[in-house]
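Q: Under numbering that gives the first Met the number 0, think of the first position of the sequence shown as 0, with each following residue one higher.
By construction, the Cβ of each residue, glycine as well, lies at the ideal position given by its N, Cα and C atoms.
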Amino acid sequence: MKLINCIDEQAARLAQAGLFFGHGTSNAFDEAVWLVLWRLGLPLDALDEHEERELSPGEQAAVVALIDQRIATRKPAAYLTGEAWLQGVPFTIDERAIVPRSFIAELIAD
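(1) Less than 8 Å between C-beta atoms, sequence neighbours within five positions excluded: which residues of the same chain meet that for residue 1?
(2) Mapping DSSP to helix, strand and coil, what is residue 82?
(3) Going by C-alpha to C-alpha distance, which of 23, 17, 59, 72 sits closest to residue 5?
(4) What is the DSSP secondary structure of residue 75, counted as helix, strand or coil?
(5) Is the beta carbon of residue 71 less than 8 Å from the beta carbon of residue 77?
(6) Return the CA-CA distance between residue 39 and residue 61, expressed in angstroms with no decimal places.
(7) Return the residue from the list 23, 28, 12 that minimises the CA-CA distance to residue 88.
(8) Which residues in the same chain have their Cβ closer than 7 Å to the Cβ of residue 41, if we skip the five residues on either side of it in sequence?
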């Protein structure tokens, strides 16, 4: 399976699960991109470079397991990955902290 097809499938699963997005992403597709690329150890801004890459069965299983965990626990993706981003700045995060996010972050950065 190609990376982009895997992302599309996982985005559909996330959307069907009725999850809340807003802890770094605003929709199921963007969250699937983040989780899939993170699980595969790829740069989060490298989808275009890798979208045609074929995933091994082991990689596919690892991705499905992470998405299963997101759906089952309903935990924000940042808690599952241990990282969050705000205005391009990475933060180490776990369940002891509120996920950094701001709808006015762009204004603060400017």
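A: So, from the listed chains and residues:
(1) Locating residue 1 in the sequence shown gives position 2, counting from the first residue. Correct list, in chain order: 50, 51, 52, 53, 54.
(2) One-based indexing of the sequence shown puts residue 82 at position 83. DSSP places residue 82 in strand when its eight states are reduced to three.
(3) The residue given as residue 5 occupies position 6 in the sequence shown. Nearest of 23, 17, 59, 72 to residue 5, Cα basis: 59.
(4) Counting from one through the sequence shown, the residue named residue 75 turns up at place 76. In the structure shown, residue 75 sits in coil (DSSP, three-state: anything other than H, G, I, E or B).
(5) Sequence index remark: in the sequence shown, residue 71 carries index 72 (1-based). Sequence index remark: in the sequence shown, residue 77 carries index 78 (1-based). The answer is no: Cβ separation not under 8 Å.
(6) Along the sequence shown, one-based indexing puts residue 39 at 40. Along the sequence shown, one-based indexing puts residue 61 at 62. Their Cα atoms are separated by approximately 8 Å.
(7) As a first step, residue 88 is located in the sequence shown; it is residue number 89 there, counting from the start. For the residues 23, 28, 12, the minimum Cα distance to residue 88 belongs to 23.
(8) In the sequence shown, the residue the question calls residue 41 occupies position 42. Around residue 41: 49.
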